[in-house]
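Just so we're aligned, residue 429 is where the sequence shown starts under our numbering, counting upward by one.
Where a beta carbon is used, it is the ideal one built from N, C-alpha and C, also for glycine.
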Amino acid sequence: MSISEYLNKKLSKGTVHITLIDPMRQVPEIAVRLAYTAQEVGSDVIFVAGSKGVSQKGLVETTAAVKEKVNIPVVYFPAGADALSLDFDAILYLSMINSQDSHFITGAYANSSLVMKRLNIEVIPVGYVVIEPGMKVGEIGDADLVPRDNYWKALDYALAAQYLGMKYIYLEAGNGAAQPVPANMIRVVKKELNIPLIVGGGIRTAIDARRVRQAGADIVVTGTIIENAGYRERLRSILSALKE
Ligand code: 1GP
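Shown next, in the form of structure tokens:
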């Protein structure tokens, strides 16, 4: 089964949760422990972040170790890295629809598309819309950030991405954002889309997770939460808010 089929199957049963692990934040042994816990508490997928500056060695070792230990899909979430691992089950082609630099819309992917084809890696096209504050990814990607109260701008970008053929839309507040994407923005976007909506950035509590799910997120991504003390319980409560 492809990862897209796996996701569709999961989506037909309810909200999907994804745990994002950044190889730059811990050694592979710890990353494995985090990924294993995520799987245990009910995460459906692990994203491994390819952040700018990650070494080829760090990415490859973390991905191989995680793959060996978990049996949920492990998907590459590239964020400016020049590294790749062959262990990924799929790679997101995150086209930053509101970037002002074409590198982040198509350029980075044009550089690697033939490699993906030759390696026969599943590619998942995602329209990536960065909302304020956007954090590092908004800065690196030179995003024309969507203001938190401008729901219509978020919708314009999301719908444009859908019409351009993306299979998912991802509203991103940024890794480590103080707050998630506003619920009303999610609601406005979700109402008009007919492809799955991914929401990530700043989701720390069960209350956040429930709000985002009730507003219409089909897939919820959390990252930072797993790097903090007490992560197992926090993640467990987020999962129960998403799967209740
Ligand atoms: C994935 O960037 C997010 O979309 C993760 O953000 O680390 O704030 O959960 P957090």
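Provide the residue(s) that pair with residue i in DSSP beta bridges, ordered along the chain.
i	result
residue 505	477
residue 598	556 and 626
residue 574	559
residue 445	648
residue 527	571
residue 550	518
Ends of the alpha helix (DSSP H) at residue i?
i	result
residue 491	484 to 497
residue 465	456 to 469
residue 584	579 to 591
residue 641	634 to 643
residue 615	611 to 620
residue 603	Segment: none, residue 603 is in no alpha helix (DSSP H) and carries neither H nor E.
residue 432	431 to 439
Need the endpoints of the beta strand (DSSP E) that residue i sits in, please.
i	result
residue 523	518 to 524
Ignore the nearest five residues each way along the sequence and tell me which others in residue i's own chain have a CB closer than 7 Å to its CB.
i	result
residue 456	489, 490 and 493
Measuring from the CB of residue i, is there a heavy atom of the ligand 1GP at a distance below 7 Å?
i	result
residue 603	yes
residue 630	yes
residue 587	no
residue 650	yes
residue 653	yes
residue 583	no
residue 600	yes
residue 625	no
Apart from the five residues on each side of it in sequence, which residues of its chain come closer than 8 Å, Cβ to Cβ, to residue i?
i	result
residue 663	447, 465, 466, 469, 471, 650, 653 and 654
Beta-carbon within less than 6 Å of residue i's beta-carbon, same chain only, minus the 5 sequence neighbours each way: which residues are those?
i	result
residue 530	none
residue 646	439, 624 and 625
Find the nearest neighbour of residue i within the set the options, judged by alpha-carbon distance.
i	options	result
residue 555	594, 540, 528 and 520	594
residue 450	502, 514, 497 and 496	502
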